[in-house]
Amino acid sequence: MHPPAYRFPAILLGIAMLSAGLPAAAAEAPVSATFVESCPAAATRTQVTAVGLRVEAPAQGAVPAAHIMVLVDTSASQTGEYRRRSLDAAAGLVEKGRKGDRFGLAAVDVGFTPLTEKFHAAGDEAMRSAAHDLDARTPLGSTDIVLALEQAAERLPGGKGPLAIVYIGDGPGLIGVDAAEFTRVLDLLRGRRITVSSIGIGPQVNWPCLAALASGTGGAFLMPEGEYDAKQVGAALGALAIAPVAWPLDVALSSAAADGTLRMLPGRLPPLRADRDAVMLLEGRLETARLEATFVRGDERFTATVTIPSATPRDENAYLAELAHNASPSDGVFLPLLGREGLDVARRVIRGEAATLAALSRQAEASGAHASAVRLADASLRRDPDNPEAALVRLVARRQVAEVDDSLPPDSMLNESDGEIADVEKNRRVQAEMMEQEAAVKLRAARQLIASNPEQAREDLKELRRELDSPQGGLDAGARQRLLAQIDMKIREATIRAREKVDRDLDADRRAAIGRERARLNGELQRREDKIKQLTERYNALVEEGIRIGYTQSENYPTTINGESVIGNERPTDAFKQAERSVAEEITREAPNLYANTPIPMTA
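Take any residue in the sequence shown, count from 1 to its spot, add 6: that is its number in the working numbering.
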């Protein structure tokens with residue numbers, strides 16, 4: 007499930023450096039409300055209030071040494087200039103590390119590949135080697151951000167000192183992030199008090215997801231824009247990523263209103279920082295609300311009570327209702343609200359949507375689709391009640407619709423088959439939605455299968471493509487093209503993974519054959535050594551036998567007695583002959599001359 011699909015405007019250095027370096031609001035309590043803005047209630051919506059909270063800066067002191075896990079995206083979108091900028095950002099981050107900080111490096115795409123076994127100082131040889139390995143990786147696949155964060159959290163050690171994850175890339179792609187999985191990984195990170203910061207680099211950065219991730223964990227989010235290069239941004243993020251964060255534990259929210267029902271979005275209060283407002287949306291009537299919470303910041307633990315004053319509802323804040331409406335199904339986990347600046351970005355994006363809807367309503371009215379023009383104008387005015395173009399189109403279109411209604415015959419004269427046509431159309435839409443959901447499930451299964459069996463995954467994807475490409479499928483052209491584009495991308499990835507698997511299998515077979523040949527040679531060598539040992543023992547035994555018999559039976563050899571040669575009756579021993587002609591020759595055959603013993607022919 008995707009976060010709300012907002013288009014990101016060009017902003018200098020991300021979201022204005024996320025208010026880095028702004029002084030904390032002066033207040034008696036350690037936590038204070040910095041701003042309150044509200045939009046009025048309407049027939050179809052409740053009152054929505056945006057509240058900014060900020061914690062006082064801690065007493066001056068050195069920040070303890072931190073462990074930072076750097077995740078660099080190596081998916082298919084990170085090629086060429088984007089790869090270079092990602093490497094520059096990682097280098098700038100590590101180079102600005104303090105003496106006591108320790109870094110780990112990993113590549114993330116469809117999987118998580120650690121490039122360092124342990125955490126090292128910034129200038130260690132292991133970090134330089136890991137950076138070289140990172141540069142040599144081939145960009146492939148998409149980004150599984152949930153898996154990457156889970157694996158990174160497991161590698162971070164426990165103990166004192168800040169724990170941080172820094173992600174460099176464009177975030178999850180077309181497949182997006184499921185709300186339940188995103189909530190689960192946020193709970194994991196908050197439970198271990200790990201901040202997640204990001205540097206957005208890529209052709210299309212999923213900034214709402216990365217901003218929501220930073221907001222939910224007390225991290226930061228920057229994008230290199232304009233005169234700021236990636237290395238400068240990486241260096242700037244180093245201090246923001248390990249800044250002290252106040253983690254909320256027990257939170258209670260109450261209101262003095264008659265009904266007293268308030269809903270907070272996101273559902274869990276974000277961690278608070280001293281250099282940025284934490285923004286939350288409150289649905290319901292707000293009259294002098296109170297927020298009571300216990301916070302933990304390093305070794306410090308404190309309780310704060312914040313009084314949230316009521317604000318005068320203004321129509322210009324109608325975008326808050328649309329923001330809350332989009333965030334409500336996921337309990338606000340995808341709210342991209344990083345400080346007051348993040349709220350201003352959301353306002354500009356939603357008002358941009360209102361302008362687009364107003365233009366579409368004008369086109370619908372010009373083409374005679376008056377009912378559609380009214381619906382589009384209403385949608386535009388919900389986002390921006392002050393849009394004059396949408397207000398004018400709605401007024402004109404409503405008059406046209408009223409005139410058409412007056413000229414229509416009574417309902418009893420309408421064709422009764424309209425209901426059947428509507429039912430057929432409804433069934434077609436339901437069937438199309440089911441096919442789209444089934445295709446999404448098969449795509450996810452294929453993504454998981456690619457890692458273990460890319461050939462089968464490719465065949466499954468081709469079969470799914472044939473099903474969707476069939477004209478009897480019932481999908482509209484836009485949904486079909488979107489799904490086919492995702493499938494084609496996965497087929498290309500599966501093809502590359504299959505080639506890699508073939509290479510790995512061939513390499514494994516080659517190593518197995520080498521192992522078998524080595525074992526055969528070792529066995530043959532051992533057999534020859536054993537045989538030579540036996541022959542040597544036999545040779546020594548024969549020589550000893552010849553010596554013993556030769557000296558004890560000297561009469562077997564010629565001797566001179568009284569001037570005459572006398573020979574004994576017994577035959578002399580042939581042990582020496584057997585040792586030389588039989589055993590020694592067999593030893594020679596089993597152990598030929600060494601290369602160094604080979605005679606060198608003379609040239610002259």
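Don't be surprised by glycine CBs; every beta carbon is placed ideally from N, CA and C.
What number of angstroms, rounded off, separates the C-alpha of D475 from the C-alpha of L329? Translated into positions along the sequence shown, residue 475 becomes position 469. Translated into positions along the sequence shown, residue 329 becomes position 323. Those two C-alpha atoms are separated by around 36 angstroms.
Three-state secondary structure assigned by DSSP to E596: Taking the first residue of the sequence shown as 1, we reach residue 596 at position 590. Correct three-state label for E596: helix.
Paired residues, beta bridge with G110 - DSSP: Within the sequence shown, the letter at position 104 stands for residue 110. Bridge partners of G110: M75.
Please report the residue range of the beta strand (DSSP E) in which V202 lies. Counted from its first residue, the sequence shown places residue 202 at position 196. Note, V202: beta strand (DSSP E), 200 to 206.
Can you give the Cα-Cα distance for L255 and V302, rounded to whole angstroms? By 1-based counting over the sequence shown, the position of residue 255 is 249. By 1-based counting over the sequence shown, the position of residue 302 is 296. In a straight line, the C-alpha of L255 is about 8 angstroms away from that of V302.
Nearer than 7 angstroms: is that true of the beta carbon of D281 relative to any heavy atom of the ligand NAD? Among the ligands in the structure shown, none appear at all, so the ligand NAD cannot be discussed.
Please classify I248: is it buried, with 16 or more other beta-carbons within 10 angstroms of its beta-carbon, or exposed? Here residue 248 is taken as the residue at index 242 of the sequence shown, counted from 1. The residue in question, I248, is buried, as its Cβ has 16 or more Cβ neighbours within 10 Å.
Just the Cα atoms here: how many angstroms apart are A463 and R453? Position 457 of the sequence shown, counting from 1, holds the residue named residue 463. Position 447 of the sequence shown, counting from 1, holds the residue named residue 453. Their backbone Cα atoms lie some 8 angstroms apart in a straight line.
State the start and end residues of the unbroken beta strand (DSSP E) segment that holds P120. On the sequence shown, residue 120 is found 114 positions in, with the first residue counted as 1. Note, P120: beta strand (DSSP E), 118 to 120.
The alpha helix (DSSP H) that contains P254, what's its start and end? Sequence index remark: in the sequence shown, residue 254 carries index 248 (1-based). Note, P254: premise wrong, no alpha helix (DSSP H); beta strand (DSSP E) at 253 to 260.
Determine the burial state of L18: buried for a count of at least 16 other Cβ atoms within 10 Å of its Cβ, exposed for fewer. Stepping through the sequence shown from its first residue, residue 18 is reached at position 12. Reliability of the predicted coordinates at L18 is poor, the pLDDT of 33 falling under 50, and the value obtained from them is presented with this limitation in mind. Classification for L18: exposed.
Specify, as a first and last residue, the run of the beta strand (DSSP E) that S38 falls within. For the purposes of this step, residue 38 is taken as residue 32 along the sequence shown, with counting starting at 1. Taken as a continuous stretch (DSSP letters only), the beta strand (DSSP E) holding S38 covers 37 to 45.
Determine the direct distance from the alpha carbon of A95 to that of L401, and round the result to whole angstroms. What you label residue 401 is simply residue 395 of the sequence shown in a count that begins at 1. What you label residue 95 is simply residue 89 of the sequence shown in a count that begins at 1. So the alpha carbons of these two residues sit roughly 52 angstroms apart.
Mapping the DSSP letters down to three states, classify A590 as helix, strand or coil. Within the sequence shown, numbered from 1, the residue matching residue 590 stands at position 584. Helix at A590.
Can you grab the Cα-Cα spacing for the pair E596 / A500, in whole Å? To locate residue 596, count along the sequence shown from 1; it is residue 590. To locate residue 500, count along the sequence shown from 1; it is residue 494. Roughly 54 angstroms separates the two Cα atoms.
Suppose contacts are defined by Cβ-Cβ distances below 8 angstroms. Is S92 in contact with V69 by that definition? Here residue 92 corresponds to residue number 86 of the sequence shown, with the count starting at 1. Here residue 69 corresponds to residue number 63 of the sequence shown, with the count starting at 1. Result no, Cβ atoms of S92 and V69 do not sit closer than 8 angstroms.
Pick helix, strand or coil for F688, following the three-state DSSP scheme. Because the chain here runs from 7 to 610, residue 688 falls outside it and cannot be looked at.
Which of the three DSSP states is assigned to E101 in this structure? The sequence position of residue 101 within the sequence shown is 95, counting from 1. Correct three-state label for E101: helix.
Over what stretch of residues does the alpha helix (DSSP H) that includes A360 continue unbroken? Locating residue 360 in the sequence shown gives position 354, where the first residue counts as 1. Here the alpha helix (DSSP H) through A360 covers 345 to 372.
Would you call the region 148 to 163 and the region 111 to 120 touching, i.e. three or more CB-CB distances under 8 angstroms? Result yes; three or more Cβ-Cβ pairs closer than 8 angstroms.
Under 8 angstroms between the Cβ atoms of V116 and D150? What you label residue 116 is simply residue 110 of the sequence shown in a count that begins at 1. What you label residue 150 is simply residue 144 of the sequence shown in a count that begins at 1. The Cβ atoms of V116 and D150 lie closer than 8 angstroms to each other.
Alpha carbon of T524 to alpha carbon of D513, nearest angstrom: For the purposes of this step, residue 524 is taken as the residue at position 518 of the sequence shown. For the purposes of this step, residue 513 is taken as the residue at position 507 of the sequence shown. Note on residue identity: the sequence assigns Arg, not Thr, to residue 524. Rounded to whole angstroms, R524 to D513 spans 16 angstroms at the Cα level.
Can you tell which of A581, V549, L548, E43 has the C-alpha that lies nearest to the C-alpha of F285? Here residue 285 is taken as the residue at index 279 of the sequence shown, counted from 1. Residue identity differs from the one stated: residue 285 is Val in this sequence, not Phe. The shortest C-alpha separation from V285 is found at E43.
By a C-beta neighbour count over all protein chains shown, 10 Å radius and 16 as the cutoff for buried, is T223 buried or exposed? As a first step, residue 223 must be located in the sequence shown, where it is residue number 217. With 16 or more Cβ atoms within 10 Å of its Cβ, T223 is classed as buried.
Report yes if the CB atom of A137 is closer than 8 angstroms to the CB atom of R108, and no otherwise. Counted from its first residue, the sequence shown places residue 137 at position 131. Counted from its first residue, the sequence shown places residue 108 at position 102. No, these two residues do not count as a Cβ contact at 8 angstroms.
With DSSP run on the structure shown, which of helix, strand or coil describes A49? Within the sequence shown, numbered from 1, the residue matching residue 49 stands at position 43. Three-state DSSP puts A49 in coil, outside helix and strand.
In three-state terms, what does DSSP make of R274? Taking the first residue of the sequence shown as 1, we reach residue 274 at position 268. Coil.
Quick check: what's the CA-CA separation for E289 versus S261? On the sequence shown, residue 289 is found 283 positions in, with the first residue counted as 1. On the sequence shown, residue 261 is found 255 positions in, with the first residue counted as 1. So the alpha carbons of these two residues sit roughly 11 angstroms apart.
Contact the region 386 to 406 vs the region 352 to 364: 3+ CB pairs below 8 angstroms: yes
Please classify K237: is it buried, with 16 or more other beta-carbons within 10 angstroms of its beta-carbon, or exposed? Against the sequence shown, residue 237 aligns to sequence position 231. So K237 counts as buried.
Looking only at its chain, what residues have a beta carbon closer than 8 angstroms to the beta carbon of R269, apart from the 5 residues adjacent to it on each side? For the purposes of this step, residue 269 is taken as the residue at position 263 of the sequence shown. A distance below 8 angstroms between beta-carbons, with the five flanking residues on each side excluded, links R269 to the following residues of its chain, in chain order: L288, E289, G290.
Is there a C-beta anywhere in chain C that falls below 8 angstroms from the one on A158? As a matter of chain content, chain C is missing from the structure shown, which is built from one protein chain.
Using CA atoms only, rank isn't needed, just tell me which of S458, E461, A403, L449 is closest to I493. Taking the first residue of the sequence shown as 1, we reach residue 493 at position 487. With distances taken between Cα atoms, I493 lies closest to L449.
Alpha-carbon spacing of T189 relative to V257, whole angstroms: Along the sequence shown, one-based indexing puts residue 189 at 183. Along the sequence shown, one-based indexing puts residue 257 at 251. Approximately 18 angstroms, taken between the alpha carbons.
Can the beta-carbon of A226 be found closer than 8 angstroms to that of L243? Translated into the one-based positions of the sequence shown, residue 226 becomes position 220. Translated into the one-based positions of the sequence shown, residue 243 becomes position 237. Yes. Within cutoff.
Would you kindly check if the distance between the Cβ of T40 and the Cβ of D283 is under 8 angstroms? Position 277 of the sequence shown, counted from the start, is the residue given in the question as residue 283. Position 34 of the sequence shown, counted from the start, is the residue given in the question as residue 40. Closer than 8 angstroms, so yes.
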